[in-house]
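There are 2 protein chains.
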Amino acid sequence: MTDAPPPIAALMASAAYRRAVETLDREHDRTVADIITLTQIPSPPFHEQARARAYLDLLRAHGLADVEMDAIGNVMGIRRGTGNGPLIAVAAHLDTVFPAGTDVTVRREGTKLFAPGVGDDTRSLAVLLAYIRALDAAGIRTHSDLLFVGDVGEEGLGDLRGVRHLFTQGKYRDRIKAFFTVDSPDVETIAVGGIGSKRYHVTFRGPGGHSFGAFGIVNPMYAMAQTMLELSRTHVPATPKTTFCASVAGGGTSINSIPNEVWLDVDLRSQSVDELFRLEARFRAIVEQAVAAENHARATDTGMITAELKLVGDRPAGATAMDSDIVKLATAAIIAHGFSPRHEFSSTDANIPMSLGIPAIKIGSGGSGGRGHSLDEWIDVERTASVRGMAAGLTAILAIAGVAP
Amino acid sequence: MTDAPPPIAALMASAAYRRAVETLDREHDRTVADIITLTQIPSPPFHEQARARAYLDLLRAHGLADVEMDAIGNVMGIRRGTGNGPLIAVAAHLDTVFPAGTDVTVRREGTKLFAPGVGDDTRSLAVLLAYIRALDAAGIRTHSDLLFVGDVGEEGLGDLRGVRHLFTQGKYRDRIKAFFTVDSPDVETIAVGGIGSKRYHVTFRGPGGHSFGAFGIVNPMYAMAQTMLELSRTHVPATPKTTFCASVAGGGTSINSIPNEVWLDVDLRSQSVDELFRLEARFRAIVEQAVAAENHARATDTGMITAELKLVGDRPAGATAMDSDIVKLATAAIIAHGFSPRHEFSSTDANIPMSLGIPAIKIGSGGSGGRGHSLDEWIDVERTASVRGMAAGLTAILAIAGVAP
Numbered sequence: 004m005t006d007a008p009p010p011i012a013a014l015m016a017s018a019a020y021r022r023a024v025e026t027l028d029r030e031h032d033r034t035v036a037d038i039i040t041l042t043q044i045p046s047p048p049f050h051e052q053a054r055a056r057a058y059l060d061l062l063r064a065h066g067l068a069d070v071e072m073d074a075i076g077n078v079m080g081i082r083r084g085t086g087n088g089p090l091i092a093v094a095a096h097l098d099t100v101f102p103a104g105t106d107v108t109v110r111r112e113g114t115k116l117f118a119p120g121v122g123d124d125t126r127s128l129a130v131l132l133a134y135i136r137a138l139d140a141a142g143i144r145t146h147s148d149l150l151f152v153g154d155v156g157e158e159g160l161g162d163l164r165g166v167r168h169l170f171t172q173g174k175y176r177d178r179i180k181a182f183f184t185v186d187s188p189d190v191e192t193i194a195v196g197g198i199g200s201k202r203y204h205v206t207f208r209g210p211g212g213h214s215f216g217a218f219g220i221v222n223p224m225y226a227m228a229q230t231m232l233e234l235s236r237t238h239v240p241a242t243p244k245t246t247f248c249a250s251v252a253g254g255g256t257s258i259n260s261i262p263n264e265v266w267l268d269v270d271l272r273s274q275s276v277d278e279l280f281r282l283e284a285r286f287r288a289i290v291e292q293a294v295a296a297e298n299h300a301r302a303t304d305t306g307m308i309t310a311e312l313k314l315v316g317d318r319p320a321g322a323t324a325m326d327s328d329i330v331k332l333a334t335a336a337i338i339a340h341g342f343s344p345r346h347e348f349s350s351t352d353a354n355i356p357m358s359l360g361i362p363a364i365k366i367g368s369g370g371s372g373g374r375g376h377s378l379d380e381w382i383d384v385e386r387t388a389s390v391r392g393m394a395a396g397l398t399a400i401l402a403i404a405g406v407a408p
Numbered sequence: 004m005t006d007a008p009p010p011i012a013a014l015m016a017s018a019a020y021r022r023a024v025e026t027l028d029r030e031h032d033r034t035v036a037d038i039i040t041l042t043q044i045p046s047p048p049f050h051e052q053a054r055a056r057a058y059l060d061l062l063r064a065h066g067l068a069d070v071e072m073d074a075i076g077n078v079m080g081i082r083r084g085t086g087n088g089p090l091i092a093v094a095a096h097l098d099t100v101f102p103a104g105t106d107v108t109v110r111r112e113g114t115k116l117f118a119p120g121v122g123d124d125t126r127s128l129a130v131l132l133a134y135i136r137a138l139d140a141a142g143i144r145t146h147s148d149l150l151f152v153g154d155v156g157e158e159g160l161g162d163l164r165g166v167r168h169l170f171t172q173g174k175y176r177d178r179i180k181a182f183f184t185v186d187s188p189d190v191e192t193i194a195v196g197g198i199g200s201k202r203y204h205v206t207f208r209g210p211g212g213h214s215f216g217a218f219g220i221v222n223p224m225y226a227m228a229q230t231m232l233e234l235s236r237t238h239v240p241a242t243p244k245t246t247f248c249a250s251v252a253g254g255g256t257s258i259n260s261i262p263n264e265v266w267l268d269v270d271l272r273s274q275s276v277d278e279l280f281r282l283e284a285r286f287r288a289i290v291e292q293a294v295a296a297e298n299h300a301r302a303t304d305t306g307m308i309t310a311e312l313k314l315v316g317d318r319p320a321g322a323t324a325m326d327s328d329i330v331k332l333a334t335a336a337i338i339a340h341g342f343s344p345r346h347e348f349s350s351t352d353a354n355i356p357m358s359l360g361i362p363a364i365k366i367g368s369g370g371s372g373g374r375g376h377s378l379d380e381w382i383d384v385e386r387t388a389s390v391r392g393m394a395a396g397l398t399a400i401l402a403i404a405g406v407a408p
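If you read the protein sequences in the order shown, they are chains A and B.
Using our numbering, you'd call the opening residue of the first sequence number 4 and step up by one each time.
Using our numbering, you'd call the opening residue of the second sequence number 4 and step up by one each time.
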């Protein structure tokens, strides 16, 4: 701890900070109870309402100001600071990957809790509540206002719609100057970059006809083939890592018919906004060229080949600089609590503010866990490790928010 | 008509023949109603049972003898002749190319009927019934017995299994001495040769993996794409007509996965045994080269791309001599009705008897139509043209069957 930069060292040396951590520890059973309660409220993709309403009530009960559900279904409230700092958002996501009907009953074995979604990201929702209580009990006033958020749509086809709304439509969209997403238990992994993705479902259509009788007319299969093959020949940089994948394809009428419709799903990703933009533009050009090539290669008198591109996934890329305050201080805070953090790129709610140039990172909620996105998902809530991880995250947040003397 | 050879001229000059054609004309609305009824009974490949049962009932209602469904699903019955000629089969196929779930509702605009399968080959099924009624109404007795057949498996992967069964397993296999298949409206096209075809189902396999995490490994989709694209660039002669078609494709796990398996159906045809052999050899080389190219284009440390070729269709080529009675008399009959017939090679049920040396041709069911094997398939049932085409076909059949005085 002696190596911690002054803001971290001073914070951790303060009596108020010690009182806050004592509260996290003393109220740990309540935090575990909150984890269980919230986990057992199903929150499938696009159906987070029940859990959102429950969390809204909890935010209100924790004395936050301006508690509300926004138009997209995020719930949030403000813990006021002194007014001497910008607004800082601290979020955890309400949704799980599990469909409606999944058994979300929590099973406890010793210090382990087993249930779908228990670690990703329900534990974090409970930890945010623990932070509010700890700050209140310790009488800590931050310079910044803290906006606590339970957001929707982080997983899969949710496509980050909750945090996207927060930063593009929500009433705080121009005020949030730093963003923490607390996502899953692991404290040692700090996400400092968001991998962007664009996903397309492309439908190639043509007149179709008899394989022998109509031979010589355009075939959408060949436009799709050229699209896949040209995509496969696209140069992408290893750093920032940029990838493409022709993932799923289908279509056709019968073996003796020139098909009238075939389709292809493509996944494009990059650690870099610019590279993803380049790759997407190239992909769209490839489709256009492949369609034109087929329309010039064969007869079009019964109809032309067309392609319809449908964007079915859109996650922005972005990164927070390694020498930014949020990365430096969070890293120091986590080290100061005895952890060995790594920095990585991943796909989380932090993608959205990163893509907008707003300092943002993903931190962990503490404790340990595993088998995320599986029915065997589990977390370990053993108190010492759990509280130490929670304290590390709280330290990172307070270092950015600033603490009034 | 003055140029018609004696059997045609005599037949067409007879009162009985005129009565038969008058019946075709008078009952044309009933024939159109039969077309609509039968078209609206879905008959996907390998699932012709519902239409077969309906057609069986119609054959029985038309007074045929020995009406039955055989072991493979063909339905048939005999109209007895005088016993002074060999057995002659007159067939139309029950199956369509369209998969289960295709909307087969017939839409009528003026004299046009629009529906998948309406012309290929449902109209012909109804026309065979009209022939039986016309012969009965005219009191025509043929020398030969006529075996009327609604057969299965003409299209695609059906691989002519209905007529193959009829000639190799069925109880009439050694007795049928001439074969007419009535297939699609066009009366001016007489198929006197069977186009050979080779059909392949190719499965491309690879290790598969995460679209981002495993990026850089081989992807079977790209080997499939190169196969399709190189096939599309293959030069084939216009004469003897030789064709290829990448018809149906599928595969893949999810949009964020490199697939471990994709597959492709390909149809290769030629009027020439030699050209089909060349095209097949080229296709097999293309697959091999595409697999090798992908294995050299990306990493294979988690596994290589492989391709498995399965021959799923193998239709024999064959021909009926231009100076055979069936070709000469059918040609004369069609000319005598004011048409200008062409002789061609195609791939129809007639391939099977042709390959066995049994005189066989494909004739049309009358009227006009288009867009076969597409969802926009249509026929025109304008009465005058429709009846004239039907009469031409009936004349051809009667010329071969012989008419008792």
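For each residue, glycine too, the CB sits at the ideal point set by N, CA and C.
I'd like the list of long-range same chain contacts for Ser349 of chain B, defined as Cβ closer than 6 angstroms, with 5 residues on each side in sequence excluded.
For the purposes of this step, residue 349 of chain B is taken as the residue at position 346 of the second sequence. Around Ser349 of chain B: Ala194 and Ile198.
Which of the residues in the segment 231-256 of chain A, read from start to end, lie with their CB under 7 angstroms from any CB of chain B?
Of all residues in the segment 231-256 of chain A, only Met231, Leu232, Ser235, Thr246, Cys248, Ala249, Ser250, Val251, Ala252, Gly253, Gly254, Gly255 and Thr256 place a beta-carbon less than 7 angstroms from a beta-carbon of chain B.
Residues of the segment 181-212 of chain B whose Cβ lies closer than 7 angstroms to any Cβ of chain A, in chain order:
Residues of the segment 181-212 of chain B with a C-beta less than 7 angstroms from any C-beta of chain A: Ile198 and Arg202, listed in chain order.
Suppose you measure from the CA of Thr323 of chain B to the CA of Ala363 of chain B; what does that come to, to the nearest Å?
If you number the second sequence from 1, residue 323 of chain B lands on position 320. If you number the second sequence from 1, residue 363 of chain B lands on position 360. For Thr323 of chain B and Ala363 of chain B, the distance between alpha carbons rounds to 6 angstroms.
Between the segment 357-369 of chain B and chain A, which residues of the former have a C-beta closer than 8 angstroms to a C-beta of the latter?
Result list empty, no residue passes.
Whole runs of the alpha helix (DSSP H) within the segment 274-305 of chain A, excluding any shorter than 4 residues:
Counting only runs of 4 or more, we get 276-300.
Distance, Cα to Cα, Thr5 of chain B vs Leu62 of chain B?
For the purposes of this step, residue 5 of chain B is identified with residue 2 of the second sequence, where counting begins at 1. For the purposes of this step, residue 62 of chain B is identified with residue 59 of the second sequence, where counting begins at 1. Caution is warranted here: a pLDDT of 46 is assigned to Thr5 of chain B, below 50, making its placement in the model unreliable, and the coordinate value is therefore given only provisionally. For Thr5 of chain B and Leu62 of chain B, the distance between alpha carbons rounds to 36 angstroms.
Does DSSP put Tyr20 of chain A in a helix, in a strand, or in coil?
Numbered from its first residue, the first sequence carries residue 20 of chain A at position 17. Tyr20 of chain A falls in the helix class under three-state DSSP.
Could you tell me the alpha carbon to alpha carbon distance between Ala302 of chain A and Ala249 of chain A, rounded to whole angstroms?
The count along the first sequence starts at 1 and reaches residue 302 of chain A at position 299. The count along the first sequence starts at 1 and reaches residue 249 of chain A at position 246. Near 27 angstroms, if we compare the C-alpha coordinates of Ala249 of chain A and Ala302 of chain A.
Here's the rule I'm using: 16 or more other beta-carbon atoms within 10 Å means buried, otherwise exposed. How should Thr398 of chain B be labelled?
Locating residue 398 of chain B in the second sequence gives position 395, where the first residue counts as 1. Buried is the label assigned to Thr398 of chain B, since at least 16 other Cβ atoms lie within 10 Å of its Cβ.
Nearest-angstrom Cβ-Cβ length linking Gly321 of chain A and Ser273 of chain A, presumed shorter than 8 angstroms:
For the purposes of this step, residue 321 of chain A is identified with residue 318 of the first sequence, where counting begins at 1. For the purposes of this step, residue 273 of chain A is identified with residue 270 of the first sequence, where counting begins at 1. With 8 angstroms as the limit, Gly321 of chain A and Ser273 of chain A do not qualify as a contact, their Cβ atoms being about 10 angstroms apart.
Near Val70 of chain A, what residues of its chain come up, given a Cβ to Cβ distance below 6 angstroms and the 5 sequence neighbours on each side ignored?
Position 67 of the first sequence, counted from the first residue, corresponds to residue 70 of chain A. In chain order, Leu62, Arg63 and Gly80 place their CB closer than 6 angstroms to the CB of Val70 of chain A, counting only its own chain and leaving out the 5 sequence neighbours on each side.
By the 10 Å Cβ neighbour count, where 16 or more other Cβ atoms means buried, how is Gln229 of chain B classified, buried or exposed?
Numbered from 1 along the second sequence, position 226 holds the residue referred to as residue 229 of chain B. Its Cβ being crowded by 16 or more others within 10 Å, Gln229 of chain B is buried.
Contact criterion: CB-CB distance below 7 angstroms. Does Asp409 of chain B meet it with respect to chain A?
The first residue shown for chain B is 4 and the last is 408, placing residue 409 of chain B beyond what the model contains.
As assigned by DSSP and simplified to three states, the class of Leu149 of chain A
Here residue 149 of chain A corresponds to residue number 146 of the first sequence, with the count starting at 1. DSSP, reduced to helix, strand and coil, places Leu149 of chain A within a strand of the structure shown.
What are the start and end residues of the beta strand (DSSP E) that includes Met2 of chain B?
As shown, chain B starts at 4 and ends at 408. That puts residue 2 of chain B outside it, with no answer to give.
Taking Cβ positions only, does Asn354 of chain A come closer than 7 angstroms to chain B?
As a working mapping, residue 354 of chain A is identified with position 351 in the first sequence. Closer than 7 angstroms: no.
State whether the segment 181-191 of chain A contacts the segment 103-123 of chain A, with contact taken as three or more CB pairs (one from each stretch) at a distance under 8 angstroms.
At 8 angstroms Cβ cutoff, the stretches touch.
Per the DSSP calculation, Glu311 of chain B is bridged to which residue(s)?
The count along the second sequence starts at 1 and reaches residue 311 of chain B at position 308. B:Thr206, per the DSSP bridge assignment.
Who pairs with Phe247 of chain A in a beta bridge, going by DSSP?
Position 244 of the first sequence, counting from 1, holds the residue named residue 247 of chain A. Answer is A:Leu271, bridged to Phe247 of chain A.
How many Å lie between His146 of chain B and Leu401 of chain B at the Cα?
As a working note, residue 146 of chain B is residue 143 in the second sequence. As a working note, residue 401 of chain B is residue 398 in the second sequence. The straight-line gap from Cα to Cα measures roughly 9 angstroms.
Mind listing the chain A neighbours of Glu347 of chain B? Cutoff is C-beta to C-beta under 8 angstroms, in chain order.
Looking up residue 347 of chain B in the second sequence gives position 344. Within chain A, no C-beta atom comes less than 8 angstroms from the C-beta of Glu347 of chain B; the nearest is roughly 10 angstroms away.
Identify which residue in A:Leu27, A:Met224, A:Arg144 and A:Ala339 has its Cα closest to the Cα of Ile258 of chain A.
Here residue 258 of chain A refers to the residue found at position 255 of the first sequence. Measuring from the Cα of Ile258 of chain A, the nearest candidate turns out to be A:Met224.
Contacts around Ala343 of chain B, its chain only, beta-carbon distance under 7 angstroms, and the 5 residues preceding and following it disregarded:
Within the second sequence, the letter at position 340 stands for residue 343 of chain B. One detail in the question is off: residue 343 of chain B reads as Ser in this sequence, not Ala. Taking Ser343 of chain B as the centre and dropping the five residues before and after it, the same chain places the C-beta of Glu191 closer than 7 angstroms to its C-beta, in chain order.
According to DSSP, simplified to helix, strand and coil, what is Leu67 of chain A?
Against the first sequence, residue 67 of chain A aligns to sequence position 64. Annotated three-state conformation of Leu67 of chain A is coil, per DSSP.
Does the segment 240-254 of chain B come within contact of the segment 229-239 of chain A, defined as at least 3 CB pairs closer than 8 angstroms?
Short answer: they don't touch.
Would you kindly work out how many angstroms separate the C-alpha atoms of Thr237 of chain B and Arg281 of chain A, rounded to a whole number?
Walking along the second sequence from the start, residue 237 of chain B turns up at place 234. Walking along the first sequence from the start, residue 281 of chain A turns up at place 278. Thr237 of chain B and Arg281 of chain A: Cα-Cα distance of roughly 33 angstroms.
Under 7 angstroms between C-beta atoms of Asp162 of chain B and Gly316 of chain B
Along the second sequence, read from residue 1 onward, the residue named residue 162 of chain B stands at position 159. Along the second sequence, read from residue 1 onward, the residue named residue 316 of chain B stands at position 313. Yes, these two residues count as a Cβ contact at 7 angstroms.
Note down the Cα distance separating Glu291 of chain A from Val221 of chain B, rounded to an integer number of angstroms.
Start at 1 with the first residue of the first sequence, and residue 291 of chain A comes out as number 288. Start at 1 with the first residue of the second sequence, and residue 221 of chain B comes out as number 218. Straight-line measurement puts the Cα of Val221 of chain B at about 25 angstroms from the Cα of Glu291 of chain A.
Would you call the segment 32-44 of chain B and the segment 126-134 of chain B touching, i.e. three or more CB-CB distances under 8 angstroms?
Touching, per the Cβ criterion.
Under 7 angstroms between C-beta atoms, does Phe342 of chain B make it to chain A?
Against the second sequence, residue 342 of chain B aligns to sequence position 339. It does not: the Cβ of Phe342 of chain B has no partner Cβ on chain A nearer than 7 angstroms.
Mind checking which residues open and close the beta strand (DSSP E) that includes Leu116 of chain A?
Start at 1 with the first residue of the first sequence, and residue 116 of chain A comes out as number 113. Element bounds for Leu116 of chain A: Lys115 to Phe117.
Collapsed DSSP secondary structure at Leu163 of chain B in the structure displayed
Here residue 163 of chain B refers to the residue found at position 160 of the second sequence. Collapsing the DSSP output to three states places Leu163 of chain B in coil.
Just the chain A side, please: which residues come within less than 7 angstroms of Leu160 of chain B by C-beta, in chain order?
Here residue 160 of chain B refers to the residue found at position 157 of the second sequence. Those are Ile258, listed as they occur along chain A.
Is the beta carbon of Arg54 of chain B sitting closer than 7 angstroms to the one on Ser46 of chain B?
Taking the first residue of the second sequence as 1, we reach residue 54 of chain B at position 51. Taking the first residue of the second sequence as 1, we reach residue 46 of chain B at position 43. Yes, they are a contact pair.
Suppose you measure from the CA of Ala103 of chain B to the CA of Gln52 of chain B; what does that come to, to the nearest Å?
Taking the first residue of the second sequence as 1, we reach residue 103 of chain B at position 100. Taking the first residue of the second sequence as 1, we reach residue 52 of chain B at position 49. Taking the straight line joining both Cα atoms gives about 12 angstroms.
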